[in-house]
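In my numbering, each residue's number is its place in the sequence shown (first place is 1) plus 56. Each residue gets a CB set at the ideal place from its N, CA and C atoms; glycine is no exception. If you're wondering where the values come from, they're calculated on a predicted model, not measured in any experiment. A short worksheet on the structure shown next.
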Amino acid sequence: MTVLDRMPAGDLVTRITDSPTGFSGVDGDAEWAAEVRRLADLRGATLLAHNYQLPAIQDVADHVGDSLGLSRLAAESTASVIVFAGVYFMAETAKILAPDRTVLIPDSRAGCSLADTITAEQVREWKAEHPGAAVVAYVNTSAEVKAESDLCCTSANAAQIVASLPADREVLFLPDQFLGAYVQRVTGRANLHIWLGECHVHAGISPTELRRKASADAHAELFIHPECGCSTAALWQAGEGDLPAGRTRVLSTGGMLAAARTTTAPTVLVATETGMLHQLRRANPAVRWEPVNADAVCRYMKMTTPAALLRCLREGVEEVNVAPGVADRARRAVQAMITAGASPAPAGVRAR
57 MTVLDRMPAG DLVTRITDSP TGFSGVDGDA EWAAEVRRLA DLRGATLLAH
107 NYQLPAIQDV ADHVGDSLGL SRLAAESTAS VIVFAGVYFM AETAKILAPD
157 RTVLIPDSRA GCSLADTITA EQVREWKAEH PGAAVVAYVN TSAEVKAESD
207 LCCTSANAAQ IVASLPADRE VLFLPDQFLG AYVQRVTGRA NLHIWLGECH
257 VHAGISPTEL RRKASADAHA ELFIHPECGC STAALWQAGE GDLPAGRTRV
307 LSTGGMLAAA RTTTAPTVLV ATETGMLHQL RRANPAVRWE PVNADAVCRY
357 MKMTTPAALL RCLREGVEEV NVAPGVADRA RRAVQAMITA GASPAPAGVR
407 AR
């Protein structure tokens, strides 16, 4: 029996309720934060939180960042337990990189609409149609899909990864069609084949909406995530003069944070999941940070509720495992992503 097993449940834990939409019943207040930190210390756990998490989750975490930054932290961590406040493929990636560590996700139902657009079997069939092609998988994919890939990438280094491949080699880029179109435009690569998947949140941020908001504020800068349905159109619109070229920037979430620290614009319009606004406002409170679409909220990211995180640390659930054979094959592709160039620093590190 561990120290945690012998502890009384406490009022906070007894308030937790479950439903198909997630765990609830606990507020992310100071009492909750103190209990989360206490339990994390008892478990020897490090808490990693993606930029799209709820503000309370971001504030209590040890590290906050984008997929690439958090992947590196998982690989380098010496903690015996990694708690990943994100979606399931992210926790899988942490387990692939740290197979000897216990990896927990607060709610295993936190999936990803983009990752669900392709399966390992579909990758194998696609590869059979293009023998010898290099498969570049966006990190937003399952472990099984990563295992069928040659290289993984994030939005921060996708163009760099593709550009590193021999110019005469076909490339299969999956699964995000908007990121793929952005990479194709940046690299000018004609032999890049793109899977037609999309993130339902980013796909909902339209070029028309972006142009309307940009036109309404002549001094605003535009920060656009390359997964967005508006990203490729935005690059074209900036080139044609429909959007201000000098104020239109396509950036990963880590890139947004780096740019946030130096911008002098009075307003920045942000085209990505709205959870990112919390870190941007902290990085530069003098700027007015506005979402292009206030409804761009990922329900999967928001399944890591205060109640779910408390339950996770209290009960040691839910553990994430990846079959050794799958993990070994996927690790090669993920390591290529980790070692490819510099990554923006994690969005925030908890002072302890």
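Indicate the three-state DSSP secondary structure (helix, strand or coil) for residue i in the structure shown.
i	result
residue 75	strand
residue 271	helix
residue 63	Because residue 63 carries a pLDDT of 46, less than 50, the predicted location of this residue cannot be relied on, and no value is offered for it.
residue 344	strand
residue 482	Residue 482 lies beyond the range of the chain shown here (57 to 408); nothing can be said about it.
residue 191	strand
residue 70	helix
residue 285	coil
residue 248	strand
residue 201	helix
residue 335	helix
residue 253	strand
residue 355	coil
residue 57	Residue placement at residue 57 is poorly supported in this model, since its pLDDT is 34, which falls under 50; the coordinates still yield a value, given next. Residue 57 falls in the coil class under three-state DSSP.
residue 100	coil
residue 329	coil
residue 92	helix
residue 105	strand
residue 382	helix
residue 374	coil
residue 320	coil
residue 350	coil
residue 173	helix
residue 408	The predicted model places residue 408 with a pLDDT of 33, which falls under 50 and marks its position as unreliable, so this point remains unresolved.
residue 212	coil
residue 299	coil
residue 388	helix
residue 401	Bear in mind that the predicted position of residue 401 carries a pLDDT of just 37, short of 50, making it unreliable; the figure below should be weighed with that in mind. Residue state, collapsed to three classes: coil.
Check whether the Cβ atoms of residue i and residue j sit closer than 8 Å, and answer yes or no.
i	j	result
residue 173	residue 283	no
residue 43	residue 144	A query on residue 43 cannot be resolved here, the shown segment of the chain reaching from 57 to 408 and no further.
residue 142	residue 212	no
residue 331	residue 109	yes
residue 307	residue 315	yes
residue 199	residue 148	yes
residue 365	residue 72	no
residue 347	residue 336	no
residue 93	residue 116	yes
residue 278	residue 299	yes
residue 228	residue 183	yes
residue 82	residue 98	no
residue 342	residue 276	no
residue 256	residue 285	no
residue 241	residue 280	no
Terminal residues of the continuous beta strand (DSSP E) containing residue i?
i	result
residue 209	207 to 209
residue 280	277 to 280
residue 306	304 to 306
Where do the N-terminal and C-terminal ends of the alpha helix (DSSP H) with residue i fall, by residue?
i	result
residue 46	Here the chain has residues from 57 to 408 only, and residue 46 is not among them.
residue 186	That residue, residue 186, is in no alpha helix (DSSP H); it is neither H nor E in DSSP.
residue 369	362 to 371
residue 315	309 to 316
Flag residue i as yes when its Cβ comes closer than 7 Å to any non-hydrogen atom of the ligand FAD, and as no otherwise.
i	result
residue 172	The ligand FAD is not among the ligands present in this structure, which contains no ligands whatsoever.
* Is it true that the segment 186 to 194 meets the segment 265 to 275, where meeting means three or more beta-carbon pairs spaced less than 8 Å apart? -> No: the two stretches stay apart, fewer than three of their Cβ pairs being nearer than 8 Å.
- request: Please specify which runs of the alpha helix (DSSP H), each continuous and at least 4 residues long, are wholly inside the segment 110 to 167, giving them in chain order.
  value: You should have 111 to 116, 123 to 132 and 144 to 153.
- Evaluate the contact criterion for the segment 354 to 369 versus the segment 153 to 168: three or more CB pairs, one atom per stretch, below 8 Å. With a cut-off of 8 Å on Cβ pairs, the segment 354 to 369 is in contact with the segment 153 to 168, counting three or more such pairs.
- Query: Curious, which full-length alpha helix (DSSP H) runs of at least 4 residues does the segment 215 to 243 contain?
  - Reply: Whole alpha helix (DSSP H) segments, 4+ residues: 233 to 243.
Tell me, please, whether the segment 75 to 89 touches the segment 170 to 184 by the rule of three or more beta-carbon pairs shorter than 8 Å. At 8 Å Cβ cutoff, the stretches do not touch.
| query | How do the segment 380 to 392 and the segment 195 to 208 stand: do at least 3 beta-carbon pairs fall below 8 Å, yes or no? | reply | Contact holds: three or more Cβ-Cβ distances are below 8 Å.
Q. Is the segment 133 to 149 in contact with the segment 97 to 106, if contact means three or more CB pairs nearer than 8 Å?
A. Segments in contact, yes.
- Item | Three-pair Cβ contact test at 8 Å for the segment 242 to 262 versus the segment 220 to 232 | Touching, per the Cβ criterion.
Would you call the segment 316 to 332 and the segment 225 to 237 in contact, with 3 or more CB pairs under 8 Å? Short answer: they don't touch.
Below 8 Å, can you find three or more Cβ-Cβ pairs linking the segment 372 to 383 to the segment 345 to 353? These segments do not touch.
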